[in-house]
Structures are given as structure tokens and as C-alpha cells.
Amino acid sequence: MSISQSMQIGVSGLSANAERVNDISNNIANSSTDGYKRSFSSMVTETVGTSYASEGSGVRAESRNDISSAGAVRATSSATDLAIEGEGFFVVSQSPNDPNQANYALTRAGSFIPDEEGNLQNAAGYFLSGFPVDEDGNVGAVDTSSYASLETVNIQDQTISGAPTENIEINANLPAQASGLSTPGDPFVSSIEYYTPLGGAERLAVSWQPTNLDNVWTVTFNDADSNALGSADVTFHDSGPDAGAPASYSNVVSTATLPSAFSLDPATGAATLTLDTGTTPQAITVSLGAPNTFGGVTQFAGDYSGLTVDADGASAGTLVSAEIDSSGTVFGVFDNGVRKPLYVIPLADVPNPDGLTPSDGNTFEVSLSSGEISLLFPGTGTVGSISSFALEASNVDIAQELTDLIAVQRAYSSNAKIITTADQMLEETLQIKR
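Counting with the numbering used here, you get residues 44 to 477 for the letters of the sequence shown.
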């Protein structure tokens, strides 16, 4: 091996260690970057020739990335900050609903916030992708081996139409001591809110009139315009295991004017109210409680408890906030109190995460080394779950990086010494002829 070649080996050592310093510097600079994955250089021997006795010709640095190692998860105050507990990557795009699949990438950086149009965008400017959910809350058939079925997650300009009320269940306690008086007192009156087919909110009036018969009450329903719909007598048990529960319904009378109507099934305690809320009358079933059960209205000594109502239907609503659960489902919370699924955020998985190609904005691209993507629902298969109000920190260990920096500095100095020593030897060689 010549002195000149020794100098070239020293130069290769300087170059390789400079590359290592570059990786360490990048790691230290990004030690506070959410979702950042550290890079490092492995030193690889270079040789001249292909035989066993080939002479050494130095070293080179092969840069690699520790993508499969997760960083620590820290709590935040934003519902759209997302961290992955386990394997997997968020799928992001350069622009909302980007039609070009080449513009999609993977990331662990989950600091998403809505832009001016409500699209969830992270700090690097990439938009979060998810599978849209239909009106029944189902994802349906999607392509899990490409980005074709994905849409940008949007949590703005979402509305839901009103749904008419169809079923109402009520619970109340009537004071037993108020029935059976020779001069019955005033009725106990409450109201029930219901929704029309157009999403408007109206109220039914329910009146409980004690009678001069023990344990017998007359219930009367009035519509939103105070028009009487109908009435029935309710008799309650006064002893035995069913004491306080309805015993029977009788004397059902309809006072409604067409197209309104009223009926009550004595066997179930369910009243059917037909209301004049449009061209087609609206039918609502109001369950008072079946005879010999305690699931509805009861009569016990004490105070009138008022009505506790469980009713379906809803008014038209506008999205006011979003929630994301561990399965990746994005729920819209509307101003009418409805909570509705909007998207499911899939997590991308590849056979070899460390083979992904790092790209701008803390993203990664699929390569031949990584293998093809699979889009999985969080918490299934090989991917982890999603944590809201959380972010994954960098996987950089500052102490380790600073320690490596000292070692690289020493190695660089040693390689520089090779060059100066070889230079001195050449100088001595040049002095021989003098």
C-alpha cells in the first residue's frame, strides 16, 4: 500500500465521519420535532479489487433511519392532536383530496389542526386522510392497498338534517296521597319536546289528574296548540309485589280533530298520537309503561317527580366540534346534541418500516425496501390504536447523540492525523535525493 493510498484512506475517514456528524446534527436539531425518526450512519469498509487479498481503500458511511422505534407520547390540550400507540403511520397528502397518489406520504407527526376550510392539516402542511362514513355509520367497501378510497378529513361545513320523533318513553312518579280525595286537587302538568319532520321543536302537554277513586288517575294529552288529543284512566296497584305499578288502562277517549288522532293500547300502555304537523300527519308512540311493570309511570307516596323523557328524533344541526376515538373514528358533535361518525382514520403498515424513504416535512415514502402499504383500521392486525389529545415525540436520545458526537470528533481527528503523518512521510521521501 502506498503512502498516497494511505492519504486517500484518511480522506475517506474524514468524509465518512463528516457524514456521521451530519446525521447527529440533524438528530439534535430535530430532537423536539414531533414524530421525528433519528438517522444514523453505519461505517462500511471499502476495498479495491475483489480477491481475498484485496487492499483496503478506506471507509464510507451508509446513512440509515430508525423509523420503527417509537418516541414517547405526551399529552396535549387539542382533540385533533393524534399519536399512534404501536405500529403504523398516518396517511397524508400534499393538498386536500389530492387525485395524484404520488402526492401521498406516511407520517407519525400527528399535530393536526383545521385550516380555514376545516381540513385537518399538520404543522408541516400535510393533510390527514381517512375513509368517509355513510349515513348508517359504515365505511363500506374500500381499497386497502392504495390511497384511492381516501378523502381529506374535514371537520367544518358539516350539517345533519332533522329527524322526526317517532318514539317517546316517559318515567314519572305520581303522589299516591293525592288520589282518592273527595275533592281532587289540581292536575300535575308536564311537557314533552318532540321534533317535526322538518326538524322543528314543539311540545306536547301531559296532564295527570287525580280522581276521587283511590289509585286512579286520568292522563290527558294536548298538542302544541293546546288542542286536546285524548285521555285515559290509569289504575295503580296498591299492594303486593306490583304495588305502585300500573294495574290497568281504561276509559280511553279520543278528543282529537282530524287529521289528528289518539289511541292507547291497554295491554302495553303505549299511546299513539297522530299530530297535524304537515301534509302527512306525524305519528308518535308514547310509552307510559306496561301493566304490572315499573318501567314507566309509577304511583308512590311522596312528591310528583315530573317527567323523565327518552325520545328519538333531532333538529337540524351544524357541526361545532370533533372527537376522535382509539379506533380512529372521527365523530362530529353537532349543536343539536347529536354525535355522529364522519370518518375512520386508517393506519398504513409496511413489511419493513425502516426501509421507507424519508422525505420533506417529516414524511416517508414507500420504497422497494419497505414493501407495499396496507391500510388497516386502528387496533386491528399489526397496527396500534390512536390516542387523541396526544403527540408522539422524537425518538432521539440527546445524551446518546452527544456521546456519539464526541466519539465522531475523536475519529475525525484520528483520520486527520493519518493525512498529516502521510504528508510528513512524503516529505521525508522527497528529502532522500537531496
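From the three backbone atoms N, C-alpha and C, an ideal C-beta is built for every residue, glycine too.
Look at glutamine 144 here: in three-state DSSP terms it is helix. Annotation: proline 253 to alanine 267 spans about 23 angstroms, alpha carbon to alpha carbon. In the three-state reduction of the DSSP assignment, glutamate 415 falls in the coil class.
A check of alpha carbon separations from serine 233 across Ser348, Ile203, Ala167, Ala290 identifies Ser348 as the nearest. For alanine 72, there is no enclosing beta strand (DSSP E); the enclosing alpha helix (DSSP H) covers residues 46-72. With a contact defined as Cβ atoms closer than 8 angstroms, glycine 53 and alanine 450 miss out at about 18 angstroms. Just measuring C-alpha positions, the residue of Ala313, Glu471, Thr195, Ser82 sitting nearest asparagine 214 is Ala313.
The criterion of a C-beta distance shorter than 9 angstroms is not satisfied by threonine 195 and glycine 168.
Boundaries of the alpha helix (DSSP H) harbouring valine 451: 441-474, taken from the DSSP string. Within the same chain, Ser100, Gly101 come within 8 angstroms of glutamine 51 by CB-CB distance, once the 5 residues on both sides are set aside. Considering only Tyr79, Arg103, Leu193, the residue with the shortest C-alpha distance to proline 401 is Tyr79.
DSSP, reduced to helix, strand and coil, places proline 175 within a strand of the structure shown. Ranked by Cα distance from alanine 115, the options Ser189, Val439, Ile198 are led by Val439. Nearest to threonine 300 by alpha-carbon distance, out of Gly283, Asp281, Pro284, Ser269, is Ser269. As the crow flies, the alpha-carbon of threonine 425 is around 10 angstroms from that of valine 393. If you look at tyrosine 386, you'll find it in the beta strand (DSSP E) that goes 382-387. Remark: C-beta atoms of leucine 149 and phenylalanine 155 do not approach each other more closely than 9 angstroms.
Taking C-beta atoms as the reference points, glutamate 212 and glycine 356 fail to come closer than 9 angstroms. Pairing proline 384 with leucine 362, the inter-Cα distance amounts to about 12 angstroms.
By a beta-carbon distance limit of 8 angstroms, glycine 287 contacts glutamine 342. Their separation comes to about 6 angstroms. By the neighbour-count criterion, in which 16 or more other beta carbons inside 10 Å mark a residue as buried, aspartate 124 falls on the buried side. If you draw a straight line from the Cα of serine 204 to the Cα of alanine 359, it is about 5 angstroms long.
Following the DSSP letters along the chain, one finds proline 302 in no beta strand (DSSP E), marked with neither H nor E. In the structure shown, the three-state DSSP call for aspartate 276 is strand. Close CB contacts of threonine 76 within its chain, under the 6 angstroms cut and outside five residues either way in sequence, are with Ser437 (chain order).
If you check the CB distance, glycine 422 and serine 456 do not come in under 9 angstroms. Cα atoms of leucine 411 and serine 364: separation of roughly 41 angstroms, rounded to the nearest angstrom.
CA-to-CA, the gap between tyrosine 386 and proline 175 works out to about 4 angstroms.
In the DSSP annotation of this structure, the continuous segment of the beta strand (DSSP E) that includes valine 295 starts and ends at 289-297.
Here the alpha carbon of isoleucine 367 sits roughly 6 angstroms from the alpha carbon of serine 431. Between threonine 261 and threonine 298, the alpha-carbon positions lie close to 14 angstroms from each other.
Here isoleucine 461 has Ser49, Met50, Ile52, Gly53, Gly56 as same chain residues with Cβ atoms under 8 angstroms from its own Cβ, once five neighbours each way along the sequence are excluded. Your pair leucine 448 and isoleucine 67 checks out as a contact, with CB atoms roughly 5 angstroms apart and the cut at 8 angstroms. Secondary structure at aspartate 355: coil, using DSSP grouped into helix, strand and coil. Closest in alpha carbon position to proline 230, among Thr239, Tyr237, Glu236, Ala248, is Ala248. DSSP lists Phe343 as the bridge partner or partners of proline 218.
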